[in-house]
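Participant:
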Amino acid sequence: ELQDLIKWLSPLDFSEKHKAISEKRTRDTGEWFLQHPKFLAWRRGDPEHKTLWCPGNPGVGKSVIASLVIDELGRDIPENTALVFIYFEYKTKYTLSQLAEAILKQLAQRRITQSGLESLQEHRAGIHPTSGELFNMLKIEVGTYDRVLIVIDALDEAIRIWAPLIESLQALPTVGLLATSRNTGDIELGLQPCQRLDIVANEGDMKRYIEGRLESSAKLKQLLGGCSEDAHEKIATGIMAKADGMFLLAQLHMNSLKTKLRVADLYHALDTLPNTLDATYDEAVDVTLRPGGKTKPNLCAIAYRIISWLIHAAQPMTIHDLQYALAIEDGMTALDADDLYSKAFLTSICVGLVALREVTTRKSGKVVRLVREL
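First residue of the sequence shown: 213, per the working numbering; consecutive thereafter.
(1) When burial is assigned at 16 or more other CB atoms within 10 Å of the CB, is Asp216 buried or exposed?
(2) I need the straight-line Cα distance from Lys472 to Gln318, nearest angstrom please.
(3) Which residues bound the alpha helix (DSSP H) around Leu435?
(4) Between which residues of its own chain and Thr392 is the CB-CB distance below 6 Å, once the five residues before and five after are set aside?
(5) Would you check if the distance between the CB atom of Leu389 and the CB atom of Leu435 is smaller than 9 Å?
(6) I want to know whether the stretch 241-248 touches the stretch 318-332 - three or more CB-CB distances under 8 Å.
(7) Phe207 bridges to which residues according to DSSP?
(8) Among Gly286, Ala491, Thr304, Arg425, which has the Cα closest to the Cα of Asp466?
(9) Can you list, in chain order, the residues of its chain whose CB lies under 7 Å from that of Val387, leaving out five sequence neighbours each side?
(10) Are there three or more Cβ pairs, one per stretch, closer than 8 Å when the stretch 257-265 is compared with the stretch 404-418?
(11) Distance check for Leu367 and Gly437, CA to CA, integer angstroms please.
(12) In terms of alpha-carbon separation, which member of Phe297, Asp456, Cys512 lies closest to His230?
(13) Output yes or no for whether 9 Å exceeds the beta carbon distance between Tyr299 and Ile233.
(14) Going by DSSP in three states, Pro376 sits in which element: helix, strand or coil?
(15) Determine the DSSP secondary structure at Met544, reduced to helix, strand or coil.
(16) Locate the beta strand (DSSP E) running through Val412, then write down its first and last residues.
(17) Enumerate in chain order the residues of its own chain whose CB-to-CB distance from Leu511 is below 8 Å, with the five nearest sequence positions on each side excluded.
(18) Do the CB positions of Lys419 and Ala448 come within less than 9 Å of each other?
(19) Roughly how many whole angstroms lie between the Cα atoms of Gly271 and Leu332?
(20) Under 6 Å Cβ to Cβ from Phe539, same chain only, skipping five residues before and after it: list those, please.
(21) Might you give, ordered along the chain, the residues of its own chain that have their beta carbon closer than 7 Å to the beta carbon of His335, omitting 5 neighbours on each side?
(22) Tell me the rounded alpha-carbon separation between Pro385 and Val412.
(23) Contact check, Ala337 vs Leu224 under 8 Å by CB: the rounded distance?
(24) Just to confirm the assignment, what range does the beta strand (DSSP E) spanning Thr449 have?
(25) Going by beta-carbon coordinates alone, are Asn269 and Asn395 separated by less than 9 Å?
Written as structure tokens, this is what we have:
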């Protein structure tokens, strides 16, 4: 019965998003953060470190650090301590009630008081609880723990609700809050009193990421198979110089290198890769969408349709949705499997422009999103 109540309480499940980020995280990334005195003080529960704000510029790996913290806390969590986490992302909107439900759900999955269970049963039989009722329930449940650690990623994406959310969470007893966001003054002011620990690109982390991509990419391993180890060092040095501390830019550049057919082309690309996100996206558009670019006209047309669907879709599209949307042509009255483009083809044709991402919604599965939302 409890599992049925938990499912009824909230459809939000941030664990898939967390799993997707954690699986992509390069081993030993972020150790500098875990050893930082401010993080250790927050983890211990020092009174002046109840809230830890971790701002960072776009593309420096804030979500990766958040996932690292969640995994680290989950590995060695004290007996009477609970761990809760939320991942926000662009254009995914939640109400305050939905977030309170999601937090209560995560606590209930660990344990719930008898009064909390009875309250949920009463609401299930009648009217869904209001945000005020939910936070009152949270206050009771949180009070049964020595500490409740709450990790929130991309707080700045919680447009219009981040302030009341933070106010409500900071008012709960025993809560230790860690939030990542872009570096905005209003969030820093809204989180006060808080400690600040900036997330910055670590040179060692960046190099490990690039080396990991070189090892995991079958195309690059094949291309560089006859080259010396100096080739790997040259690529790592070149990407790091162009990325300028942005993991997102390093990721896009590595995606670009995977398309090269010769080692000479790869080395030439290292010298000509853009060093800003705007210029990198412009290059991807030139290559993929614009007539006269490097993509064949028939593939260019398909790529254009993919981008059009993603921009104009009323809700996030799964890769399955996109397969069927692109298969529709004038005069068709039915569709079957032979009409569909393969998933691998659809995710490869717009390299640098679209990506598969885990999104926590009622709709299951990975969704296709623009790398840079418009």
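Backbone N, C-alpha and C fix where the C-beta goes; we use that ideal spot for every residue, glycine too.
As the structure is a prediction and not an experimental result, all values here were calculated from the model.
Facilitator: The relevant details are as follows:
(1) Stepping through the sequence shown from its first residue, residue 216 is reached at position 4. The residue in question, Asp216, is exposed, as its Cβ has fewer than 16 Cβ neighbours within 10 Å.
(2) Counting from one through the sequence shown, the residue named residue 472 turns up at place 260. Counting from one through the sequence shown, the residue named residue 318 turns up at place 106. When rounded, the distance between both Cα atoms is 45 Å.
(3) Along the sequence shown, read from residue 1 onward, the residue named residue 435 stands at position 223. It spans 430-435 - the alpha helix (DSSP H) in which Leu435 sits, taken as one unbroken run.
(4) If you number the sequence shown from 1, residue 392 lands on position 180. So the qualifying residues of the chain are Cys266, Lys274, Ala278, Asp365.
(5) The residue you call residue 389 lines up with position 177 of the sequence shown. The residue you call residue 435 lines up with position 223 of the sequence shown. No, the Cβ-Cβ distance between Leu389 and Leu435 is not below 9 Å.
(6) no
(7) It is not possible to answer for residue 207, since the shown part of the chain is limited to 213 through 586.
(8) Against the sequence shown, residue 466 aligns to sequence position 254. Sequence inspection shows Met at residue 466; the Asp mentioned does not correspond to that position. Considering only alpha carbons, the answer is Arg425.
(9) Counting from 1 along the sequence shown, the entry for residue 387 is found at position 175. Excluding sequence neighbours, Val387 sits near Val354, Val360, Ile362, Leu381.
(10) yes
(11) Working through the sequence shown from its first residue, we reach residue 437 at position 225. Working through the sequence shown from its first residue, we reach residue 367 at position 155. Approximately 43 Å, taken between the alpha carbons.
(12) Within the sequence shown, numbered from 1, the residue matching residue 230 stands at position 18. Ranking the options by Cα distance to His230, first place goes to Phe297.
(13) Residue 299 sits at position 87 when you count from the first residue of the sequence shown. Residue 233 sits at position 21 when you count from the first residue of the sequence shown. Yes, the pair counts as a contact, with Cβ atoms nearer than the cut-off.
(14) In the sequence shown, the residue the question calls residue 376 occupies position 164. Of the three classes helix, strand and coil, the one that applies to Pro376 here is helix, per DSSP.
(15) In the sequence shown, residue 544 corresponds to position 332, counting from 1. Coil, per DSSP.
(16) Translated into the one-based positions of the sequence shown, residue 412 becomes position 200. That residue, Val412, is in no beta strand (DSSP E); it is neither H nor E in DSSP.
(17) Your numbering for residue 511 matches position 299 in the sequence shown. Only Ile561 meet the Cβ criterion.
(18) On the sequence shown, position 207 is the one that residue 419 refers to. On the sequence shown, position 236 is the one that residue 448 refers to. Yes; because the gap between Cβ atoms is below 9 Å, this pair is in contact.
(19) Against the sequence shown, residue 271 aligns to sequence position 59. Against the sequence shown, residue 332 aligns to sequence position 120. So the two alpha carbons sit approximately 40 Å from each other.
(20) For the purposes of this step, residue 539 is identified with residue 327 of the sequence shown, where counting begins at 1. Rather than Phe, the amino acid found at residue 539 in this sequence is Ala. Correct list, in chain order: Leu547, Asp551, Leu552.
(21) Taking the first residue of the sequence shown as position 1, residue 335 is located at position 123. Once the five neighbours on either side are set aside, the close Cβ partners of His335 are Pro341.
(22) Position 173 of the sequence shown, counted from the start, is the residue given in the question as residue 385. Position 200 of the sequence shown, counted from the start, is the residue given in the question as residue 412. Using only the alpha carbons, I get a separation of about 31 Å.
(23) If you number the sequence shown from 1, residue 337 lands on position 125. If you number the sequence shown from 1, residue 224 lands on position 12. Contact flag wrong, Cβ pair sits at about 22 Å.
(24) The count along the sequence shown starts at 1 and reaches residue 449 at position 237. It is not in any beta strand (DSSP E) - Thr449 instead sits in the alpha helix (DSSP H) that spans 441-455.
(25) For this step, residue 269 is matched to residue 57 along the sequence shown. For this step, residue 395 is matched to residue 183 along the sequence shown. The answer is yes: Cβ separation under 9 Å.
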